[in-house]
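Student: Structure in structure tokens, see below.
Protein chains in written order, with my numbering: chain D, 2 to 587; chain A, 12 to 209.
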């Protein structure tokens, strides 16, 4: 029987079938749904870790203990988890350890489109890359076998179009239920697991030897296969690019790689010998192409296909036509005339508490050093009240650096609660320790909203939906040594503004925790405010909130009752009192 | 088995993803190889949602190629027009007569194109353009959120296949308490499609 699954669902299913018992992750698009699906299977332990580094350390411990383990993250999460990736490459994993890494070519929901195949080479660990959901399911099991056979972590790489595309997956028999016997004692082996220089020096040659053995494995593995076709063009490709290439070159010869590190050199040589010209089709960096060229084989890749943005069938086709690899299709369709359609960027939800904060900061004209989350939408017009956003946890450190550079602008750092737990605590300590004056604003809605409302250390619930300890951000800051701390609601704009002014004037390291539930999560709705068309002068002040239900009509503002959540902020901004609320919300 | 490529376009919260989940499952149950791909993540924050569904003997790419869509199903007028370059002279277009003004329109910076402008623009590629009163019909049934299933009904009137398969998949994928209402929405959409397709 076949069932449609997204790549992420298939990875979770594959992990269950292969006996993975422990999973740890920090949510990140496009990887999030893997752990959300894995938690539904019986007999598994899963958790949201505060960040990817913690998740991977947890995974390492579980694998050291001999348990099959999966850790998942998005591509930039691997930057955070890079430290443990490199040490576990040296120590080996003992139990099967698969690290699922989801890249985001095209940056659908990311700050960059780094190609994480480079991490596999950099850390000297094997990497598998599935091309559809069925392969995604199967490759998890293969990754675990490789991990245990060669004593290495294995990275399974997907991209957005694998993680978020659905295709048919063969449903397998349920895995046997394993009786829990007496728990094994941890096998102590400090010479292997304590990475002091003397031990690490002994481990590095082991890693290099392992690479050689894995190269041999790659030559004979069914993960890499030649699909014979006509011998004019031979295409080497992997992952989603294989699917696009297959559409565009239906009759060419293919070397389809399922294992992208290490690469099977003899297989590549054999393939190149069977065709007139070797073409590599891969998204982002020339990872395979450069390797093939270094082997002395004439190859073309990035001179034909771009190294930016995600591919699509038409990009592959257009580039192939331009390079003369295939004939142009007869142009039967009239070109589409130019017509500038209004764009539809995402924006903060109606009623979102973040809006009050950015509206206030814009009014105050302060420099805002931002972070990653829904609230990054505060950078978009008309709010336009965020001036830097780099990576998770960056804002507080950047604000402190600007402070120490001696600029005269008033500055605040702004960070969400999940991002604060991810990597905001260390820079908060740094401000205090180094006698900075940064005011940090934490937007505390008690959930990881951006990626779809995952739990975090402040939510009071685990990934497995068990009640748990709730970390209080103000108490945490007080424990560090912060003395100037306030908690405010974003729905009282005057009060919020006064608190921010007070903190900035104090010239002390300080913290403002803005507390409000995520409206999309809490689904609270209040009565819709009423606009009095006679009092409304249509000045557009309320539109500065950038709230989608507010629409400028010919004579006055209207509020779309289907979209409005009744938060009442627009009424507070109205200079003529034309917007009336039935009930004050806070 | 001839390949059929569908594009569904709408705004976050309109049920575009549920409708495409139904459509790809129908394809699989009809014996096609079927794939779908969509971009979401920011979609709940009022952004554009695009979903690609492909049926065929053997489907490689989960993404429809520009100029090769057989059907474009627009959940919102402006969003439908955005995908015009994916059409060819044989494509059929079904557009829900419903508008959600984007922020730039609300702010008075740009204007929302008229229905005629959008229809003319899409019709530069294909003569097979049809408005569907999806939201109005769903509203009559008591829930405008079912517009997507009305659109599926209108699509069924053109694509065909066993009606049982379509209805069974709807039953499997919509919340239990809304199954009957959604089946009604599907039937209303089918009737609409049959009555308006010459």
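Here a beta-carbon is modelled for each residue, glycine too, at the ideal position from N, C-alpha and C. If you're wondering where the values come from, they're calculated on a predicted model, not measured in any experiment.
Quick check on DSSP: helix, strand or coil for residue 129/D?
Tutor: If DSSP states are grouped into helix, strand and coil, residue 129/D belongs with the strands.
Student: State the DSSP-derived secondary structure class of residue 507/D, mapped to helix, strand or coil.
Tutor: Helix, per DSSP.
Student: Can you check whether the C-beta of residue 348/D is within less than 8 Å of a C-beta belonging to chain A?
Tutor: Residue 348/D counts as touching chain A.
Student: Identify each residue in the segment 87-103 of chain D for which the Cβ-Cβ distance to at least one residue of chain A is less than 8 Å, and report them in chain order.
Tutor: Answer in chain order: no residues at all.
Student: Please name the residue in 121/D, 540/D, 568/D and 316/D whose C-alpha comes closest to that of residue 118/A.
Tutor: Out of 121/D, 540/D, 568/D and 316/D, 540/D has the C-alpha closest to the C-alpha of residue 118/A.
Student: Checking contacts by CB at 8 Å: is residue 121/A closer than that to chain D?
Tutor: Chain D contact via Cβ: present.
Student: List the residues of chain A whose Cβ lies closer than 7 Å to the Cβ of residue 245/D, in chain order.
Tutor: Going along chain A in sequence order, the residues near residue 245/D (Cβ under 7 Å) are 72.
Student: If you draw a straight line from the alpha carbon of residue 74/D to that of residue 341/D, how long is it in whole angstroms?
Tutor: So the alpha carbons of these two residues sit roughly 38 Å apart.
Student: Using the Cβ count rule (16 or more neighbours within 10 Å means buried), how would you classify residue 93/A?
Tutor: With 16 or more other Cβ atoms within 10 Å, it is buried.
Student: Using the Cβ count rule (16 or more neighbours within 10 Å means buried), how would you classify residue 150/D?
Tutor: It counts as exposed.
Student: Which of the three DSSP states, helix, strand or coil, is assigned to residue 496/D?
Tutor: Residue 496/D: helix per DSSP, three-state reduction.
Student: Can you tell which of 28/D, 47/D and 572/D has the C-alpha that lies nearest to the C-alpha of residue 21/D?
Tutor: The shortest C-alpha separation from residue 21/D is found at 47/D.
Student: The segment 311-332 of chain D: which residues have C-beta closer than 8 Å to a C-beta of chain A, in chain order?
Tutor: Of all residues in the segment 311-332 of chain D, 313, 314, 315 and 318 have a Cβ within less than 8 Å of some Cβ in chain A.
Student: With 16 other CB atoms within 10 Å as the buried threshold, where does residue 144/A fall?
Tutor: So residue 144/A ends up on the buried side.
Student: Give the straight-line distance between the Cα atoms of residue 64/D and residue 205/D, rounded to the nearest whole angstrom.
Tutor: Distance between the alpha carbons of residue 64/D and residue 205/D is about 20 Å.
Student: Taking a contact to mean a Cβ-Cβ separation below 8 Å, would you say residue 249/D touches residue 305/D in this structure?
Tutor: Result no, Cβ atoms of residue 249/D and residue 305/D do not sit closer than 8 Å.
Student: Taking the alpha helix (DSSP H) that residue 177/A belongs to, which residues open and close that run?
Tutor: Start and end: 174-184.
Student: The beta strand (DSSP E) spanning residue 140/A covers which residue range?
Tutor: Residue 140/A -> beta strand (DSSP E) spans 139-143.
Student: Would residue 261/D and residue 451/D be called neighbours here (beta carbons separated by less than 8 Å)?
Tutor: Contact flag unset, no.
Student: Check whether the Cβ of residue 27/A lies closer than 8 Å to any Cβ atom in chain D.
Tutor: No, its Cβ sits nowhere closer than 8 Å to a Cβ of chain D.
Student: Quick check on residue 113/A - is its C-beta less than 8 Å from some C-beta in chain D?
Tutor: Closer than 8 Å to some Cβ of chain D, the Cβ of residue 113/A qualifies, so yes.
Student: So, does the CB of residue 124/A fall closer than 8 Å to a CB anywhere in chain D?
Tutor: By this cut-off, residue 124/A is an interface position.
Student: Report the three-state DSSP secondary structure of residue 412/D (helix, strand or coil).
Tutor: It is a strand residue.
Student: Measuring alpha carbon to alpha carbon, tell me which residue in 178/A, 24/A, 44/A and 181/A is nearest residue 13/A.
Tutor: Among 178/A, 24/A, 44/A and 181/A, the Cα nearest to that of residue 13/A is on 44/A.
Student: Taking C-alpha atoms, which residue in 135/D, 148/D and 77/D lies nearest to residue 91/D?
Tutor: Minimum Cα distance to residue 91/D is reached at 148/D.
Student: Tell me, please, whether the segment 125-141 of chain D touches the segment 196-204 of chain D by the rule of three or more beta-carbon pairs shorter than 8 Å.
Tutor: No: the two stretches stay apart, fewer than three of their Cβ pairs being nearer than 8 Å.
Student: Please report how far the alpha carbon of residue 19/A lies from the alpha carbon of residue 571/D, in whole angstroms.
Tutor: In a straight line, the C-alpha of residue 19/A is about 34 Å away from that of residue 571/D.
Student: On a CA-only basis, which of 462/D, 510/D and 498/D is nearest residue 484/D? Give me that one, please.
Tutor: Answer by Cα proximity: 510/D.
Student: Is residue 223/D buried or exposed, if buried means 16 or more other CB atoms sit within 10 Å of its CB?
Tutor: Result: exposed.
Student: Run through DSSP, which three-state label would residue 76/D get?
Tutor: In this structure, residue 76/D counts as helix in the three-state DSSP scheme.
Student: Under DSSP, the alpha helix (DSSP H) around residue 123/D begins and ends at which residues?
Tutor: Per DSSP, residue 123/D belongs to the alpha helix (DSSP H) from 118-124.
Student: First and last residue of the beta strand (DSSP E) that includes residue 258/D?
Tutor: Unbroken beta strand (DSSP E) run through residue 258/D: 253-258.
Student: Looking at residue 116/D and residue 10/D, is the spacing between their C-beta atoms short of 8 Å?
Tutor: Result no, Cβ atoms of residue 10/D and residue 116/D do not sit closer than 8 Å.
Student: Using a beta-carbon distance below 8 Å, is residue 146/A in contact with chain D?
Tutor: It does not; no Cβ of chain D falls within 8 Å.
Student: Can you name the residues of chain D whose CB is closer than 7 Å to the CB of residue 49/A?
Tutor: The contacting residues are 165.
Student: When DSSP labels each residue in this structure, what does residue 41/D get in the three-state scheme?
Tutor: Residue 41/D: coil per DSSP, three-state reduction.
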